[in-house]
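Residue numbers (the UniProt record's numbering), protein chains in the order written: chain Y, 1 to 188; chain U, 1 to 261.
Okay, so here's the structure we're looking at.
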Amino acid sequence: MSVSVLKLNGLPFQLRGLGARLYSTRKGEVSSSDPQKDIIRRHLYPPNIRNKASPTGTWRPDVARALQRAIPSVQAHETIERAWLLHQRHLRKKRDAELQRKFNCMRQAMQELEEIDSRLFREANKQEDPRARSLAEVEAMKSMSEPEKRAVESRVRGLFPRELRIPTDTPPKNGWPNEWRAFQRPLA
Amino acid sequence: MFSRTVLSSCKRAPQAHEVAQVDAALSKKTARPKVHTGIILNRSPIITRTPTAFEKAYYAYQTRIHRALHNPFPYDFYFKQGSPLESRFNIEERRRERKAEAEKLAEATMRDEEEAMPRVHEADINSDFKNLNRRGQRNLYLLLQKQENGTAVWKFPQGIVDRGELLHHAATRGLEVECGNNMDTWIVSRNPIGVFHPPSPASTGGAEEDVVFFYKAHIMAGQVRPNRTHTQDFAWLTKGEIKTRVDEDYWLGIKDILSDF
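Here you go:
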């Protein structure tokens, strides 16, 4: 038994998976007891014979021919790629310029706030601690119902709220939710 | 007057410009501008942007290349040879190949979606500026129409900051007073995102300066219920539409704060 195990380790990689089959059959007999297992085995460990392209992509002789049919020419393909990269660059530059403008507005606002009132400036620059609860919040939570308490706790300071919707390809079936129960959020 | 008596007690005779400077310094210390908070309430885009013609063509080109280069599909692993499921798959696959070659793949997948809502809402067709379903791809901002010195002006919601109140608290309060609390809003941070100096009337000459700090907020549900005493009208507008309605100096102050698309 141990001898045959050692022999299997010396075999090339593809045939190792067939070890169980080889071990269980006599010489020259092909086992067809479970065709599904054979199919799985054949796809996981494609045979080394190079006559057909395999799903795992070990040998792909048809790629060049298929590519010739797909693209017009090497020069055309490179031009298309360069046009796309240029387009992406334009979009990126526009986005960066817009962000820069917005940031400059913010910086200007903070500079003026510092000149006008130092206390307001200090408060505006405070780091938000997501776990902290202000006095007003604690007071208000005492007299709230369970759903209202959950609504207050779910809004974590400094994080985006869960209700902010990510854009989808088509709008929601019920459109914009115009009805929303008025809920007074305690001041943070 | 006070400055003149102080200076006259000095040995040197007071110069006219020195007197004026001391007067100005004293008046600067006492005059703190009136602080207001404005809120830029933003409805983010609901649907993704339509790709341009170039982008569509590029995506179709890339699809063709991927179809040519992808690893061969293991048919006998997924389908039993000769089964009806296999023949149905082959038919659909041939249809997909033909469609990919005709470069109509994008529109076909959109049509195949069952009972999807159309991307253009009736609010776009009717130009209903109060409806929050209009212009799903764009960022919409809330503008209120107010009466100022007899004329109607379009502005962002605004409110005065009380003594000892923090700016972002004043922003929430101001929004609630002007637009009602029937909306699920979220003020993004404690920092203002922009500042604006409204042109003060010439008579006061700088004694009563106003300054408006803008705060960004998102609306996630609900609708505006404007306070009739302060505002006559409201509208949800894109950046280009805001430019047509707002005063020129106001536009120059706010245009860099808003998103382009």
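Even for Gly, the Cβ is constructed at its ideal location relative to N, Cα and C.
Quick one: list the residues of chain Y neighbouring residue i, beta-carbon separation under 8 Å, in chain order.
{"i": "I125/U", "result": "Under the 8 Å cutoff, chain Y gives no residues; its nearest Cβ is about 14 Å from I125/U."}
{"i": "W154/U", "result": "Neighbours of W154/U on chain Y: none; closest Cβ ~20 Å, over 8 Å."}
{"i": "N149/U", "result": "Here the premise fails: no neighbours, minimum Cβ distance about 25 Å."}
{"i": "S44/U", "result": "L164, R165, P167"}
{"i": "R190/U", "result": "E123, A124, N125, K126, E128"}
Over what stretch of residues does the alpha helix (DSSP H) that includes residue i continue unbroken?
{"i": "E122/U", "result": "122–126"}
{"i": "A217/U", "result": "First-last for A217/U: 210–222, but that is the beta strand (DSSP E), not the alpha helix (DSSP H)."}
{"i": "F54/U", "result": "53–69"}
{"i": "T185/U", "result": "Per DSSP, T185/U belongs to no alpha helix (DSSP H); it is in the beta strand (DSSP E), 183–187."}
{"i": "G158/Y", "result": "Neither: G158/Y is in no alpha helix (DSSP H) and is coded neither H nor E."}
{"i": "K142/Y", "result": "135–142"}
{"i": "A170/U", "result": "167–179"}
{"i": "K37/Y", "result": "35–44"}
Report the neighbours of residue i on chain U: residues whose CB is nearer than 9 Å to its CB, in chain order.
{"i": "K102/Y", "result": "I193, G194, D256, I257, L258, S259"}
{"i": "L159/Y", "result": "Simply none; closest approach about 10 Å."}
{"i": "A53/Y", "result": "N71, P72"}
Cα-Cα, which of the options is closest to residue i?
{"i": "M220/U", "options": "N104/Y, L99/Y, E163/Y, A140/Y", "result": "E163/Y"}
{"i": "R32/U", "options": "L99/Y, E114/Y, W59/Y", "result": "E114/Y"}
{"i": "K239/U", "options": "T231/U, H230/U, D256/U, R228/U", "result": "D256/U"}
{"i": "E179/Y", "options": "Q223/U, R138/U, L144/U", "result": "Q223/U"}
{"i": "Q251/U", "options": "R64/U, T63/U, N182/U, P199/U", "result": "According to the sequence shown, residue 251/U is Trp rather than Gln. Per the Cα distances, P199/U."}
{"i": "N139/U", "options": "D210/U, E97/U, I40/U", "result": "I40/U"}
{"i": "P177/Y", "options": "W186/U, N131/U, N42/U, I193/U", "result": "N131/U"}
{"i": "E123/Y", "options": "A188/Y, L44/Y, R65/Y, P35/Y", "result": "A188/Y"}
{"i": "Y61/U", "options": "L67/Y, W59/Y, R60/Y, P61/Y", "result": "L67/Y"}
{"i": "R225/U", "options": "A123/U, G38/U, W236/U", "result": "W236/U"}
{"i": "V211/U", "options": "L44/Y, P72/Y, R60/Y, Q111/Y", "result": "Q111/Y"}
{"i": "P45/U", "options": "V120/U, V161/U, M183/U", "result": "V120/U"}
{"i": "P186/Y", "options": "A151/Y, D34/Y, N174/Y, P171/Y", "result": "A151/Y"}
Give me the chain U residues within the contact set of residue i, using Cβ-Cβ distance strictly less than 7 Å, ordered along the chain.
{"i": "L135/Y", "result": "Neighbours of L135/Y on chain U: none; closest Cβ ~13 Å, over 7 Å."}
{"i": "K93/Y", "result": "Near K93/Y there are no residues of chain U at all, since even the closest Cβ is about 13 Å away, more than 7 Å."}
{"i": "K173/Y", "result": "M117"}
Start and end of the beta strand (DSSP E) containing residue i?
{"i": "R43/U", "result": "34–43"}
{"i": "Y75/U", "result": "Per DSSP, Y75/U belongs to no beta strand (DSSP E); it is in the alpha helix (DSSP H), 75–78."}
{"i": "T231/U", "result": "231–237"}
{"i": "Y141/U", "result": "140–148"}
{"i": "I71/Y", "result": "Unbroken run through I71/Y: none, as it is neither H nor E."}
{"i": "V195/U", "result": "194–196"}
{"i": "D117/Y", "result": "From DSSP, D117/Y is part of no beta strand (DSSP E); its letter is neither H nor E."}
{"i": "Q81/U", "result": "Premise fails: Q81/U is in no beta strand (DSSP E) and is neither H nor E."}
{"i": "I160/U", "result": "158–160"}
{"i": "W251/U", "result": "Per DSSP, W251/U belongs to no beta strand (DSSP E); it is in the alpha helix (DSSP H), 248–254."}
Can you pull the chain U neighbours of residue i, defined as C-beta to C-beta under 8 Å?
{"i": "F48/Y", "result": "This sequence places Asn at residue 48/Y; Phe is not what is there. Per Cβ cutoff of 8 Å: no residues; N48/Y is ~17 Å from chain U at best."}
{"i": "E98/Y", "result": "S259, D260"}
So which residues on chain Y does residue i lean against when the C-beta distance must stay under 9 Å?
{"i": "A221/U", "result": "E163, W176, P177, N178, E179, W180"}
{"i": "P51/U", "result": "In chain order: nothing, as chain Y lies at least about 11 Å away."}
{"i": "T141/U", "result": "Residue identity check: residue 141/U is Tyr in the sequence provided, not Thr. The contacting residues do not exist; Y141/U stays about 14 Å from chain Y at best."}
Can you list the residues of chain Y that residue i reaches, using a CB-CB cut of under 7 Å?
{"i": "T238/U", "result": "Per Cβ cutoff of 7 Å: no residues; T238/U is ~15 Å from chain Y at best."}
{"i": "F213/U", "result": "A109, L113"}
{"i": "Y61/U", "result": "I80"}
{"i": "H169/U", "result": "L187"}
{"i": "P33/U", "result": "I116"}
{"i": "F54/U", "result": "H87"}
{"i": "F218/U", "result": "Reading off the sequence, residue 218/U comes out as His, not Phe. Under the 7 Å cutoff, chain Y gives L164."}
Chain Y contacts from the stretch 65–90 of chain U (Cβ-Cβ distance under 8 Å): I65, R67, A68, L69, N71, P72, F73, P74, D76, F77
Contact list for the stretch 57–89 of chain Y against chain U, Cβ threshold 7 Å: G57, V63, A66, L67, R69, A70, I71, I80, W84, H87
Contact set between the stretch 105–133 of chain Y and chain U, restricted to residues whose Cβ is under 8 Å from the partner: C105, M106, Q108, A109, M110, E112, L113, I116, D117, L120, E123, A124, N125, K126, E128
Stretch pair the stretch 240–251 of chain U + the stretch 152–170 of chain U: three plus CB contacts closer than 8 Å: yes
Stretch pair the stretch 173–182 of chain U + the stretch 63–77 of chain U: three plus CB contacts closer than 8 Å: no
Meets three-Cβ-pair contact criterion under 8 Å: the stretch 48–64 of chain U and the stretch 125–139 of chain Y: no
Segment contact, 8 Å Cβ cut-off, at least three pairs: the stretch 95–115 of chain Y with the stretch 141–161 of chain Y: no
Inter-stretch contact at 8 Å, needing at least 3 Cβ pairs: the stretch 78–97 of chain Y / the stretch 87–97 of chain U: no
Three-pair Cβ contact test at 8 Å for the stretch 61–72 of chain U versus the stretch 189–198 of chain U: no
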